[in-house]
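In the numbering used here, the protein residues as written are 180 to 552.
Below is one structure; the comments refer to it alone.
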């Protein structure tokens, strides 16, 4: 039965993956209904406010759902949110067995959906391919348990750890395949964040540019404690469905704040060492249902983010190039550490070839513990 359950749960996980980047602030969920070893219904949660995966699969199965087994990647909800409880629909459909990959970390649901089903005579099994389900919804888990955004620090560097030459040239260190992947990630996150230094130096658009042109733009977030952003910057003037947020502090002059507000949203945040308090900002952005952020900052912003403890995941694209130069910057600035024991240790490390580049992905510190729900 274990292999049988894993086989269909794997299909449910594949279905859930189809909606990556489209369900925020909700999780990605897939569901499959099986009757006598055959799939009779399937579906996935397509976007927030749309029917949940269980509802899609039940509708797809029709009368064939009765007496069948439902495989679902996340514990069915038992409360009223944007939609009604899935547990009631499951019982009404006559499903006799439910296999759940992971319990919902949402306090409104956690364990209650499973209990409801069992109390109504439904056999329930949990934990099938749990690790895969946890990784699938790492963003949702962080957001729903802390109220803060999940932050991915992305950088591209040479083999000898340089993000630019001594003269400041950085285009292009990474290969075309790596740059294409970054745009795919932009399409999947809610927000993209940079420091004011990047805006002044590079004047980026911070948009998603996919080959088919169908990608969505993330919310653009600029860290700018003193409101130095040029009013003609692309991020303030670009035609995009996504808004731009400029995070400032009380150091910013009121006149400039008013000028920025004509083009973007302004958040006046608390200070930490005369800079925007990043922890407070993550909480504020989380309250606005910006659940995931791709940090594409320079060395100083990256250092500040790590020091503030807001980084959950890192993605380092390493190009097979040697730049050299003692004045050529690395990906992490700041004052650095004094002892090796103080270093940020990556967990759950993975390596992947992207074209000519090597992508190193890992989780910072104890962040991975938030996935042990």
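The beta carbon of each residue, even a glycine, is placed where N, CA and C say it ideally should be.
Nearest-angstrom Cα separation, counted from residue j out to residue i
i	j	result
residue 278	residue 292	12 Å
residue 195	residue 290	21 Å
residue 454	residue 404	6 Å
residue 421	residue 399	7 Å
residue 276	residue 213	10 Å
residue 548	residue 324	Residue placement at residue 548 is flagged as unreliable, the pLDDT there being 45, under the threshold of 50; the coordinate-derived value follows with that caveat. One C-alpha to the other measures close to 12 Å.
residue 334	residue 189	32 Å
residue 239	residue 270	16 Å
residue 348	residue 294	59 Å
residue 191	residue 312	10 Å
residue 257	residue 228	16 Å
residue 221	residue 209	8 Å
residue 534	residue 497	11 Å
residue 341	residue 414	26 Å
residue 429	residue 450	8 Å
residue 424	residue 288	32 Å
residue 181	residue 237	23 Å
residue 550	residue 438	Low per-residue confidence applies at residue 550: pLDDT is 47, beneath 50, and the placement is therefore not dependable, though the value from the model is reported in the following sentence. Roughly 42 Å between the two C-alpha positions.
residue 197	residue 187	16 Å
residue 457	residue 528	25 Å
residue 217	residue 483	53 Å
residue 268	residue 206	19 Å
residue 296	residue 215	21 Å
residue 350	residue 536	15 Å
residue 463	residue 202	20 Å
residue 226	residue 253	15 Å
residue 540	residue 379	29 Å
residue 417	residue 410	12 Å
residue 355	residue 241	47 Å
residue 219	residue 249	10 Å
residue 402	residue 266	43 Å
residue 363	residue 264	33 Å
residue 386	residue 470	18 Å
residue 318	residue 305	21 Å
residue 245	residue 224	21 Å
Residue i classed as buried or exposed, judged by whether at least 16 other C-beta atoms fall within 10 angstroms
i	result
residue 389	exposed
residue 546	Confidence in residue 546 is poor, its pLDDT being 45 and thus under 50, which makes the residue's placement unreliable; the coordinate value appears in the next sentence. Buried, since its Cβ has 16 or more Cβ neighbours within 10 Å.
residue 518	exposed
residue 506	exposed
residue 510	buried
residue 234	buried
residue 516	exposed
residue 382	exposed
residue 520	exposed
residue 339	exposed
residue 447	exposed
residue 183	exposed
residue 231	buried
residue 199	exposed
residue 280	buried
residue 321	buried
Limits of the beta strand (DSSP E) - the one that residue i falls within
i	result
residue 302	302–305
residue 533	525–533
residue 444	444–447
Boundaries of the alpha helix (DSSP H) in which residue i is found, first to last residue
i	result
residue 207	It is not in any alpha helix (DSSP H) - residue 207 carries neither H nor E in the DSSP assignment.
residue 362	355–367
residue 311	309–315
residue 513	Neither: residue 513 is in no alpha helix (DSSP H) and is coded neither H nor E.
residue 414	413–416
residue 221	Where residue 221 is concerned, there is no enclosing alpha helix (DSSP H), although the beta strand (DSSP E) it sits in stretches over 217–223.
Whole-Å CB distance - residue i paired with residue j, under 8 Å assumed
i	j	result
residue 504	residue 345	4 Å
residue 442	residue 406	About 12 Å; that fails the 8 Å criterion.
residue 474	residue 352	With 8 Å as the limit, residue 474 and residue 352 do not qualify as a contact, their Cβ atoms being about 17 Å apart.
residue 472	residue 328	5 Å
residue 370	residue 479	Between residue 479 and residue 370 the Cβ distance is about 19 Å, and since that is not below 8 Å, they are no contact.
residue 152	residue 337	Nothing about residue 152 can be read from this structure; the chain reaches only from 180 to 552.
residue 377	residue 465	At roughly 23 Å, the Cβ-Cβ gap does not stay under 8 Å, so residue 377 and residue 465 are not in contact.
residue 525	residue 490	11 Å between Cβ atoms; not a contact.
residue 468	residue 204	4 Å
residue 307	residue 185	6 Å
Strand pairing of residue i, partner residues [DSSP]
i	result
residue 407	Residue 407 pairs with nothing; no bridge assigned.
residue 336	497
residue 372	400, 474
residue 329	471
Beta carbon proximity, residue i to chain B, threshold 7 Å
i	result
residue 529	The chain inventory of the structure shown lacks chain B, comprising one protein chain alone.
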